[in-house]
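Here is the structure we will look at.
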Amino acid sequence: MFWLFILLFSLMFKTNILSIILNFEMIMLFIFFNLYIMKSKILLFMMIFLIVSEAVIGLVFCMKWAFIFNSLKISLSLLSKL
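Quick note, the sequence shown lines up with residues 215 to 296 if you use my numbering.
Now the structure itself:
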């Protein structure tokens, strides 16, 4: 459990979205193994919540870069017409 708290604490200092997503992956694995060892009933709900939250973060990240790419592509096509 000590490593889980280190990972959660290090989330405050992450500035890169990719490192945040990778940190969430490690947190999910540690929680999964700890709850599996304790044979907790909340395991399924916790993992579903973490997987959904990570998927939302990944989708927002992809949408942001797709928006930036499309904006650059549109501005480049407008500049080439000038």
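Where is the CB? At the ideal position from N, CA and C, for every residue including glycine. Bear in mind that the values here come from a model prediction, so they are computed numbers and not experimental data.
Cβ pair residue i, residue j closer than 7 Å
{"i": "leucine 264", "j": "methionine 242", "result": "yes"}
{"i": "leucine 257", "j": "leucine 249", "result": "yes"}
{"i": "isoleucine 271", "j": "isoleucine 235", "result": "yes"}
Buried/exposed call for residue i, threshold 16 Cβ in 10 Å
{"i": "phenylalanine 247", "result": "exposed"}
6 Å CB neighbourhood of residue i in its chain, flanking five on each side removed
{"i": "phenylalanine 238", "result": "Glu268"}
{"i": "asparagine 284", "result": "none"}
Coil, strand or helix - residue i by DSSP
{"i": "isoleucine 241", "result": "helix"}
{"i": "serine 254", "result": "coil"}
Close Cβ partners of residue i (< 8 Å) along its chain, the five nearest in sequence each way excluded
{"i": "alanine 280", "result": "none"}
Residues near residue i in its chain [Cβ-Cβ closer than 7 Å; skip 5 each side]
{"i": "methionine 260", "result": "Ile245, Leu249"}
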